[in-house]
Amino acid sequence: MNKFFKRMTAVFLAVSTTAASILMPATGIYAAETAATTQNTQAAQTTQNSQNTQTTKNTQEYDWPQAPDIVAQSAILIDADTGAILYEKDAHAKGYPASTTKILTGLLTIENCGLDETVTFSSAAANSVTYEDASLGTKAGEQYSVEQALYGLLLYSANEIAYGLAEHVSGSLAAFTELMNKRAKELGAINTHFSNASGLHDVNHYTTAYDMAMIAKGCYNNSTFVNIDSTSTTYTIPPTNKTDTARNFKHRHLMLKGRQYYYEYCKGGKTGFTDQAGYTLVTFAEKDDMRLICVCFKSGDKERFTDTRSLFDWGFANFKKITASGGTISSLFTSDSYYQSPVFNKYNLKFNLKASTLTLPNNASVGNVAMGIDNNYKTTSENGIYTAHLNFNYGNNIVGTAKLTLSSDENIAAASNLPFAKDDNNSNLKQKKCIVINIWGIVAVIAAILIVLYIHSEVKRKKTQRRRYSGRKYL
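Numbered by mature numbering (1 follows the signal peptide of the UniProt record, and there is no 0), the letters in the sequence shown go through residues -31 to -1, 1 to 444 in order.
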């Protein structure tokens, strides 16, 4: 019997050790902690397999406010803080941005230059406009400060200033457009290509309402940009080295104070028009604790402003912002998607998932929010740090966004060690499956097997003893 139990104990330990380390192909992306980086993480947690759908709950739980009808062919309304998409209409349709392009030109200038730097305009910049283009009549060799140029760019939409700032930032327009495309991608654009700094028509100069909203989100979160772009009063560029008279102008956005379509919550934005693009508009608005961004493409001159106002009023009236603590976000992971893996003990992986707020309909509960992979973006790997984009989903609607990063001090956070698979061809996340193992359940099963075997052994032993005793009795 001693040998028997020794053998069974050895089997038990072997099975227990193996069970604790089983991982198989799989469903979801896993996260261990929210907010600050957590070391020596022992558990990761899976999210929904689908980015935007959750079929296990009654669809009535996901009532979304009825949006107003608009004229714009392509439009989107997002929360500038959470990234929640409150409304979209063909938001991923390719279109021409016209002068709304200039918000990225302005942002890149702010990010790469001091406001007191001097911009000297080349002949190429000064002569880049025609009589039909928006222009301040800047001459070759004329000098503005970067700050003055930014006002001329964002308020008056002067095309030659866009060209001159591009040369000032990058040395040439071609180099600047490369920077624009790189920065647009960093800000979240996924179907955008810029070929100039002003938005003049070019078949290779295109974007989408969604992408422009992502770019606008970066602009709206830059305080210098907002300070300039929200100016509703007249701005003056004094006489320069080439011009004896001052240049006075106002913002072209007609929803600012004192304009035809004044909207009290408007904080600026950018207008645009070309024959090919139609009328375009990007607008920022803020009311109480909510900051919204609206983009309207392929609209009418008047309708882009009325559409924007309708969407802002609808957004402010029907949505609320919820501060989500780490515990709240953690509660989005269900117990049946939880598993333990020795990878996280052995390799000392660190997780970082930051998401502080969600934007929900007024009657919605955070309990109905799920997490999913944002399939619009690829996972990236750099210096042992893996980054993935996540969405917080309320039914079919995105109510918040976050980035999940995974890294290791030992620099061994290989894709094979992480709780998601990576497609080497396109770097897309491939969701893994795992077997959820309750180690105590396994212990209980093995213990039951041991007990049965022990009882069976005892019964067999007693039968053998009885036969031996019976044999001796009749000898």
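Note that CB positions come from ideal geometry on N, CA and C, so glycine has one too.
Secondary structure at Tyr132: helix, using DSSP grouped into helix, strand and coil. In terms of Cα proximity to Val98, the closest of Ala166, Gly187 and His220 is Ala166.
Judged by beta-carbon spacing, Val138 lies within the 8 Å limit of Asn81, meaning their Cβ atoms are closer than that value. Three or more beta-carbon pairs separated by less than 8 Å link the region 44 to 51 to the region 248 to 263, which places the two stretches in contact. DSSP places Ser126 outside both helix and strand once states are collapsed to three, so it counts as coil. When C-alpha distances from Thr89 are compared across Lys108, Tyr423 and Asn366, the shortest belongs to Lys108.
The shortest C-alpha to C-alpha distance from Thr205 to any of Leu105, Asn217 and Ile411 is the one to Asn217. An exposed status is given to Gln229, since fewer than 16 other beta-carbon atoms sit within 10 Å of its beta-carbon. Secondary structure in the region 153 to 223: the beta strand (DSSP E) runs of 3 residues or longer, each lying completely within the stretch, are 204 to 206 and 216 to 218 in chain order. Secondary-structure assignment with DSSP links Met340 through a beta bridge to Phe361.
DSSP places Thr249 inside the beta strand (DSSP E), whose first and last residues are Gly247 to Lys256.
In this structure, Cys235 sits near Leu225, with a CB-CB distance shorter than 8 Å. Here Arg273 really is in contact with Ala41; their C-beta atoms are around 6 Å apart, less than 8 Å. Less than 8 Å separates the beta-carbon of Gly247 from that of Ser268.
The continuous stretches of beta strand (DSSP E) do not include Glu86, and DSSP gives it neither H nor E.
Assignment of Glu233 by DSSP, reduced to helix, strand and coil, places it in the coil class.
The secondary-structure analysis by DSSP pairs Glu351 across a beta bridge with Ile354. Judged by their CB atoms, Phe163 and His174 are nearer to each other than the 8 Å cut-off. A straight-line Cα-Cα distance of about 24 Å links Lys63 and Val368.
By the Cβ-count criterion, Lys290 is buried, with 16 or more other Cβ atoms from all chains shown falling within 10 Å of its own Cβ. By the neighbour-count criterion, in which 16 or more other beta carbons inside 10 Å mark a residue as buried, Tyr56 falls on the buried side. When C-alpha distances from Asn352 are compared across Ala333, Thr374 and Tyr346, the shortest belongs to Thr374. For Thr348, the closest of Gln434, Gly237 and Gly157 by C-alpha to C-alpha distance is Gly157. In the DSSP assignment, Ile72 falls within the alpha helix (DSSP H) that extends over Lys71 to Asn81. Excluding the 5 residues flanking it on each side, Ala143 has no same chain C-beta neighbour closer than 7 Å. In the DSSP assignment, Asn366 forms a beta bridge with Tyr363. Ala94: member of the alpha helix (DSSP H) spanning Ser92 to Ala95, first to last residue. Between the alpha carbons of Ala94 and Ile130 lies a distance of about 7 Å.
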